[in-house]
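Remarks on the structure that follows.
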Amino acid sequence: MTATTTTTTRTAARVVDAVKVYGSGDTSVRALDGVSVDFPAGRFTAIMGPSGSGKSTLMHCAAGLDTLTSGTAHIGDTELGTLDDRRLTLMRRDRVGFVFQAYNLVPTLTVVENITLPLDLAGDTGDKEWIDALIDVVGLRGRLHHRPSELSGGQQQRVAVARAFAGRPDVVFADEPTGNLDSRSGEEVLGLLGRTVRQTARTVVMVTHDPVAAAHADEVVFLADGRLVDRMTSPTADKVLDRMKAFEVPS
Ligand SMILES: Nc1ncnc2c1ncn2[C@@H]1O[C@H](COP(=O)(O)OP(=O)(O)OP(=O)(O)O)[C@@H](O)[C@H]1O
Ligand SMILES: [Mg+2]
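Below you can see the structure in the form of structure tokens.
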């Protein structure tokens with residue numbers, strides 16, 4: 210189950226001494242207050258923490274969607290701060306996948322067109338075998354020519370997951386991917402993320418505030434007040450819940 214047989218652990222993404230301050234003066238908010246964390250390749254990592262603890266900020270900065278006030282963010286060996294806008298856009302397009310709470314599918318395109326959209330936009334024919342395997346992993350073989358409006362929320366999010374992995378990215382970042390789903394559909398999407406990581410050796414970093422969701426990950430990192438306060442391997446929902454309760458004790 211654990212990575213005991215893994216000989217080398219590559220880091221898919223990491224931030225070092227990450228500080229993010231929004232605004233300035235009296236109204237400034239220190240959303241990240243010196244976070245260093247690495248996300249190992251081939252693993253499913255969850256970022257947990259109370260509302261406002263900096264989870265989304267950490268994800269956005271690690272993924273190159275936002276910039277740090279100080280510190281560095283890296284995808285593989287690439288330090289994002291060294292890239293100009295064009296290179297950053299290309300890096301996000303080619304090496305990073307995203308899944309958000311809102312599925313963000315294009316309503317006029319079919320399921321299969323949505324899945325291959327990022328590749329089509331990049332003028333890339335993609336890896337047909339990979340896309341084909343992905344369609345089976347996400348269980349959408351029978352829905353390929355449906356439009357998003359003809360699918361359930363869970364099915365739509367599975368399309369978004371397939372789209373995120375379509376270009377074989379180094380890392381897929383997911384921010385509350387089950388936030389809009391009922392618990393059963395949510396379980397399906399979480400199981401899918403876990404299976405995709407394990408069956409295809411991809412890397413997922415998922416932001417969640419739900420202990421049940423976090424329990425699907427290989428490892429959970431905990432944020433509180435913009436700081437990394439703990440890490441937990443082989444999480445269970447109960448263990449994660451217990452750890453979260455400790456944050457809520459008034460000081
Ligand atoms: N664009 C922004 N401008 C100003 N402050 C912001 C901005 N985005 C986030 N913040 C603040 O930074 C802190 C961290 O926010 P963030 O969205 O990262 O938290 P979160 O852990 O993802 O919370 P949630 O679980 O509610 O999504 C919060 O205090 C928030 O109000
Ligand atoms: Mg958030």
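With this note's numbering applied, the sequence shown corresponds to residues 210 to 460, in that order. In this text, a Cβ means the ideal position worked out from N, Cα and C, and glycines have one as well. From a predicted model like this one, the values you see are computed outputs, not experimental measurements.
Asked, Found
"Look at the alpha carbon of Leu450 and the alpha carbon of Val246, and state the distance between them as a whole number of angstroms.", "21 Å"
"Run the proximity test for Asp242: is its beta-carbon closer than 7 Å to any non-hydrogen atom belonging to ligand 2?", "no"
"From Lys229 to Gly351, what distance separates their C-alpha atoms?", "44 Å"
"Can you list, in chain order, the residues of its chain whose CB lies under 6 Å from that of Arg304, leaving out five sequence neighbours each side?", "Ile284, Pro378, Asp379"
"Considering just the uninterrupted stretch of the beta strand (DSSP E) at Val414, what are its terminal residues?", "413-416"
"For a test of your reading of the model: does the CB of Thr325 fall under 7 Å from any non-hydrogen atom of ligand 1? Yes or no.", "no"
"For the pair the region 383-390 and the region 295-311, tell me if three or more CB-CB distances fall below 8 Å.", "yes"
"In the DSSP assignment, the beta strand (DSSP E) including Arg252 goes from what residue to what residue?", "Per DSSP, Arg252 belongs to no beta strand (DSSP E) and is neither H nor E."
"Would you give the residue range spanned by the beta strand (DSSP E) that Gly306 belongs to?", "305-308"
"Mind checking whether Ala282 and Ala227 have CB atoms under 8 Å apart?", "yes"
"Is Ala255 near Ala426, with beta carbons less than 8 Å apart?", "yes"
"Could you name each continuous beta strand (DSSP E) segment of 3 residues or more that falls completely within the region 317-384, going from the start of the chain to the end?", "380-384"
"Excluding sequence positions up to five away, which residues of its chain have a Cβ less than 6 Å from the Cβ of Leu353?", "Val320, Val321"
"Am I right that Leu401 and Val370 are in contact with their C-beta atoms under 8 Å? What's the rounded C-beta distance?", "6 Å"
"Taking a contact to mean a Cβ-Cβ separation below 8 Å, would you say Gln408 touches Val346 in this structure?", "yes"
"Rounded to a whole number of angstroms, what is the C-alpha to C-alpha distance between Val429 and Leu299?", "29 Å"
"Is it right to say Asp462 is buried, meaning 16 or more other beta carbons lie within 10 angstroms of its own, or is it exposed?", "As shown, the chain starts at 210 and ends at 460. That puts residue 462 outside it, with no answer to give."
"Using DSSP with H/G/I as helix, E/B as strand and the rest coil, what is Gly261?", "coil"
"Measure the beta-carbon distance from Ala221 to Thr412 and round it to whole angstroms, keeping in mind my assumption that it falls under 8 Å.", "4 Å"
"Output the residues surrounding ligand 2, defined as those with a CB atom closer than 7 Å to any ligand heavy atom, in chain order.", "Lys264, Ser265, Asp384, Glu385, Val416"
"How close, in whole Å, do the beta carbons of Ser262 and Ala433 come, if the pair is a contact with beta carbons under 8 Å?", "5 Å"
"Nearer than 7 Å: is that true of the beta carbon of Ser262 relative to any heavy atom of ligand 1?", "yes"
"If you compare alpha carbons, which of Val224, Ile340, Gly251, Tyr231 is closest to Ala410?", "Gly251"
"Taking the alpha-carbon positions, what's the Ser279 to Ala455 distance?", "29 Å"
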